[in-house]
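In my numbering, the protein residues as written are 1 to 210.
Glycine included, each C-beta is placed from N, C-alpha and C at the ideal position.
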Amino acid sequence: HAYPGDPVDETFYDGYHTLAAQYAHLDKVARDHAGLATVYTYGQSWLKQQGNGKGHDLRVICITKKQDGDCALKPDVKKPRFAVMAQIHAREIVTGDIAWRFIDHLVDGYGKNSEVTSLLDSTEVWVIPQTNPDGIDIVQQGGTRPYNQRKNANDTAARGRCSNPPTVSDQSGVDLNRNNDHQWNTSGTDRSPCGQSYAGASAGSEPETK
Numbered sequence: 001h002a003y004p005g006d007p008v009d010e011t012f013y014d015g016y017h018t019l020a021a022q023y024a025h026l027d028k029v030a031r032d033h034a035g036l037a038t039v040y041t042y043g044q045s046w047l048k049q050q051g052n053g054k055g056h057d058l059r060v061i062c063i064t065k066k067q068d069g070d071c072a073l074k075p076d077v078k079k080p081r082f083a084v085m086a087q088i089h090a091r092e093i094v095t096g097d098i099a100w101r102f103i104d105h106l107v108d109g110y111g112k113n114s115e116v117t118s119l120l121d122s123t124e125v126w127v128i129p130q131t132n133p134d135g136i137d138i139v140q141q142g143g144t145r146p147y148n149q150r151k152n153a154n155d156t157a158a159r160g161r162c163s164n165p166p167t168v169s170d171q172s173g174v175d176l177n178r179n180n181d182h183q184w185n186t187s188g189t190d191r192s193p194c195g196q197s198y199a200g201a202s203a204g205s206e207p208e209t210k
């Protein structure tokens, strides 16, 4: 994708931010608001775990008025936590940009907006703007006609039988929103690996879910 200057400006489909722009934005927010924001890599996508040079890191930003012990990578912390996971379904591209605006609303509003200030004084807000980066990368490859990839990029069960490029209802991958442990593979799922709601080989099987 062509873009002027900073990767944070990279867009596709007339203005939606790419995966690269989203990750550059996280880094920029952490640089510009060091007292509020911390960025972590918390895992690797399915493709990156295959070690073939493809795939992406899984990244999250923690936003709060930082005090000692805040945004720590452990479950026992002082402040309550609020977590937002966006673009679990890769083709729902507006959700990533809503997460972008939510992040900016928090860091730009601290000290100016009373509700934002109160929230960040008392709470850790963790935002994952791109929960399914491999799937999002597939969507972006459609350029001005984004591909309808919903799932991640795990094609193990499909073995090349699904449509390429993906269609709305025929695509490889696992639906990350159906892969969680709770009531796994019950209602609202596809049994076919090419189905858009395929829940995976087992509950919690995908690295993005874990």
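Quick check: what's the CA-CA separation for residue i versus residue j?
{"i": "E174", "j": "S118", "result": "Before going on, a small fix: residue 174 reads as Val here, not Glu. The straight-line gap from Cα to Cα measures roughly 39 angstroms."}
{"i": "Y3", "j": "D14", "result": "Per-residue confidence for Y3 stands at a pLDDT of 47, beneath the threshold of 50, marking its modelled position as unreliable; no derived number is given."}
{"i": "V149", "j": "Q87", "result": "First, the amino acid is wrong: residue 149 is Gln here, not Val. Cα to Cα, the separation comes out at about 11 angstroms."}
{"i": "D181", "j": "R101", "result": "30 angstroms"}
{"i": "L73", "j": "Y42", "result": "9 angstroms"}
{"i": "Q171", "j": "E92", "result": "15 angstroms"}
{"i": "D121", "j": "G111", "result": "10 angstroms"}
{"i": "R161", "j": "H33", "result": "47 angstroms"}
{"i": "Q196", "j": "S169", "result": "5 angstroms"}
{"i": "D108", "j": "K28", "result": "13 angstroms"}
{"i": "T18", "j": "N154", "result": "21 angstroms"}
{"i": "S163", "j": "Y147", "result": "11 angstroms"}
{"i": "N46", "j": "L106", "result": "Position check: residue 46 holds Trp in this sequence, whereas Asn was assumed. Distance between the alpha carbons of W46 and L106 is about 31 angstroms."}
{"i": "R81", "j": "C62", "result": "9 angstroms"}
{"i": "T248", "j": "V77", "result": "Lying outside 1 to 210, the shown extent of the chain, residue 248 is not represented and no answer is given."}
{"i": "H25", "j": "V8", "result": "6 angstroms"}
{"i": "V39", "j": "A199", "result": "29 angstroms"}
{"i": "N152", "j": "D190", "result": "15 angstroms"}
{"i": "A20", "j": "A30", "result": "16 angstroms"}
{"i": "S205", "j": "N185", "result": "12 angstroms"}
{"i": "V60", "j": "A203", "result": "23 angstroms"}
{"i": "T167", "j": "G96", "result": "21 angstroms"}
{"i": "S187", "j": "F12", "result": "34 angstroms"}
{"i": "Q183", "j": "C194", "result": "21 angstroms"}
With DSSP collapsed to three states, give me the class of residue i.
{"i": "G53", "result": "coil"}
{"i": "Y23", "result": "helix"}
{"i": "G43", "result": "strand"}
{"i": "I128", "result": "strand"}
{"i": "L119", "result": "helix"}
{"i": "V60", "result": "strand"}
{"i": "A30", "result": "helix"}
{"i": "Y3", "result": "Low confidence applies to Y3: its pLDDT is 47, below 50, so where it sits in the model is not reliable enough to give any reading."}
{"i": "T38", "result": "strand"}
Between which two residues does the alpha helix (DSSP H) containing residue i stretch?
{"i": "W100", "result": "94 to 109"}
Can you name the start and end residues of the beta strand (DSSP E) that residue i belongs to?
{"i": "R81", "result": "81 to 85"}
How close, in whole Å, do the beta carbons of residue i and residue j come, if the pair is a contact with beta carbons under 8 angstroms?
{"i": "E124", "j": "K79", "result": "5 angstroms"}
{"i": "P129", "j": "Q50", "result": "In fact, because the Cβ distance is near 24 angstroms, the residues do not count as touching under 8 angstroms."}
{"i": "D6", "j": "H56", "result": "Going by Cβ atoms, the distance from D6 to H56 rounds to 19 angstroms, so no, they are not a contact pair."}
For chain C, check one thing: does any of its Cβ atoms lie closer than 7 angstroms to the Cβ of residue i?
{"i": "G69", "result": "The question asks about chain C, but that chain is absent: this structure has only one protein chain."}
Would you mind listing the alpha helix (DSSP H) stretches within the segment 121 to 206 that are 4+ residues and don't spill past its ends, in chain order?
Listed in chain order, the complete alpha helix (DSSP H) runs (minimum 4 residues) inside the segment 121 to 206 are 133 to 140.
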